[in-house]
Amino acid sequence: MAIEGLSVRALAAALSLCLPLAATCAAQQPEVLSCIGPFARTANEAALIKAFGQQNVARAEIDVGEGMTEAGTIVYPRDPKRRLQVLWHDSKARSRPASISIPPTAIWRIDVPGARPPIRQGMTLAEVEAANGRPFEILGFGWDRGGHAGDWKGGRLAKPDGGCELSLRFDPEPGFLAMEAISGDRPFSSADARMRAVKPVVVEVRLNWP
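Taking the numbering used here, the leading residue of the sequence shown gets 180, the next gets one more, and so forth.
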């Protein structure tokens, strides 16, 4: 008998190879990110090494904006599709995550209880609002925190697994000229017609530990 072109014997052989290396096999398929396990409130760099392997964890200076960097840790530094960037509350000891960021090239997603679809790079404003279950707050564009969203107005995205906080950053679709109405350090509703008109998409996904 075959299962989607793979014989039962071949499938069993593949599984037998993976079972002794369960941690390695799991690490090769990073899909769901949450603030539990190696990214829990009390986690440290050693937990990342245990979860993903020494060869997949590296220390680095991470860009935090305005020309500044902070000492952090990168998971899968040589694989843009798997890369994660971690900043620490205690950067010297590399302990207690402050934020875990998914770069624009990475394929990780965040499953929040009750929220569908899962949160990922490239989502539209309408898709994120549907996952949240209600309109949320997004900051105006054109400044350092432009396009950030983190006030979910009591929606589903306010409660990721593990107790951390979800933060997203949106960019408008290139080419829109009438940006003044939705620019600057002020909040907008995701339901605002002016905001929807510029077709924002998610370009940064982050889990934060206050």
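For every residue, glycine included, the Cβ atom is placed at its ideal position computed from N, Cα and C.
Proximal residues to residue i (C-beta, below 8 Å), its chain only, five neighbours per side dropped
i	result
Ala370	Glu308 and Pro314
Ala206	At Ala206, the pLDDT of 43 sits below 50, so the modelled position is not reliable; the number obtained from the coordinates is stated separately. If we look at Ala206 and ignore the five residues flanking it on each side, its Cβ neighbours are Ala230, Phe231, Gly232 and Asn235.
Leu318	Arg324, Gly325, Gly326, His327, Ala328, Asp364, Arg365, Pro366 and Phe367
Met476	Not covered by the structure: residue 476. The range shown for the chain is 180 to 389.
Cα-Cα separation between residue i and residue j, rounded to whole angstroms
i	j	result
Ser278	Ala376	31 Å
Val291	Met247	31 Å
Gly333	Pro379	22 Å
Gly271	Ile281	The sequence shown places Lys at residue 271, rather than the Gly named in the question. Taking the straight line joining both Cα atoms gives about 22 Å.
Pro339	Val211	12 Å
Ile289	Ala360	31 Å
Thr284	Ser346	17 Å
Ala226	Pro297	25 Å
Arg299	Lys260	12 Å
Tyr255	Ile241	14 Å
Arg341	Leu386	As written in the sequence, residue 341 is Gly, which differs from the Arg given in the question. Their Cα atoms are separated by approximately 10 Å.
Gly216	Phe355	42 Å
Met374	Glu306	14 Å
Ala250	Cys214	20 Å
Glu245	Asp269	21 Å
Leu200	Arg220	With a pLDDT of 40 at Leu200, under the threshold of 50, the modelled position of that residue is not reliable, and no figure is offered here.
Thr203	Arg295	Bear in mind that the predicted position of Thr203 carries a pLDDT of just 41, short of 50, making it unreliable; the figure below should be weighed with that in mind. Whole-angstrom Cα-Cα distance: 29 Å.
Gly293	Cys343	16 Å
Pro353	Ala239	31 Å
Limits of the unbroken beta strand (DSSP E) element including residue i
i	result
Ala250	Met247 to Val254
Arg348	Glu344 to Asp350
Arg385	Val380 to Asn387
Trp267	Leu263 to Asp269
Ile281	Ser274 to Ile281
Gly244	Val236 to Gly244
Residue i - containing alpha helix (DSSP H), residue span
i	result
Glu359	Element bounds for Glu359: n/a, residue is neither H nor E.
Gly224	One point to set straight first is that residue 224 is Glu, not Gly, in the sequence displayed. Where Glu224 is concerned, the enclosing alpha helix (DSSP H) stretches over Glu224 to Phe231.
Ala372	Ala372 to Ala376
7 Å CB neighbourhood of residue i in its chain, flanking five on each side removed
i	result
Gly312	Gly334 and Arg335
Pro276	Phe218, Ala222, Val265, Trp267 and Trp388
Trp331	Asn311, Phe315 and Ala337
Gly301	Val380 and Val381
Trp322	Gly363 and Asp364
Helix, strand or coil at residue i according to DSSP, with G and I counted as helix
i	result
Val307	helix
Asp318	In the sequence as presented, Asp is not what sits at residue 318; that position holds Leu. Strand at Leu318.
Ala329	The sequence as given places Gly at residue 329; Ala does not occur at that position. DSSP places Gly329 in strand when its eight states are reduced to three.
Phe355	coil
Pro259	coil
Pro366	strand
Arg335	helix
Glu210	coil
Residue of the options minimising C-alpha distance to residue i
i	options	result
Ile286	Ala250, Leu227, Glu306 and Arg262	Arg262
Phe320	Arg348, Ala305, Glu240 and Leu386	Arg348
Asp258	Ile241, Ala237, Glu249 and Asp242	Ala237
Glu383	Ala294, Arg220, Val243 and Ala250	Val243
Pro351	Gly293, Leu304 and Glu344	Leu304
Same chain, Cβ closer than 6 Å to residue i, neighbours up to 5 away in sequence not counted
i	result
Glu224	Thr252 and Arg273
Ile228	Val236
Proximity test, residue i beta-carbon vs the ligand ADP heavy atom, cut-off 6 Å
i	result
Ser274	Of the ligands one can find in the structure shown there are none, so the ligand ADP has no counterpart to examine.
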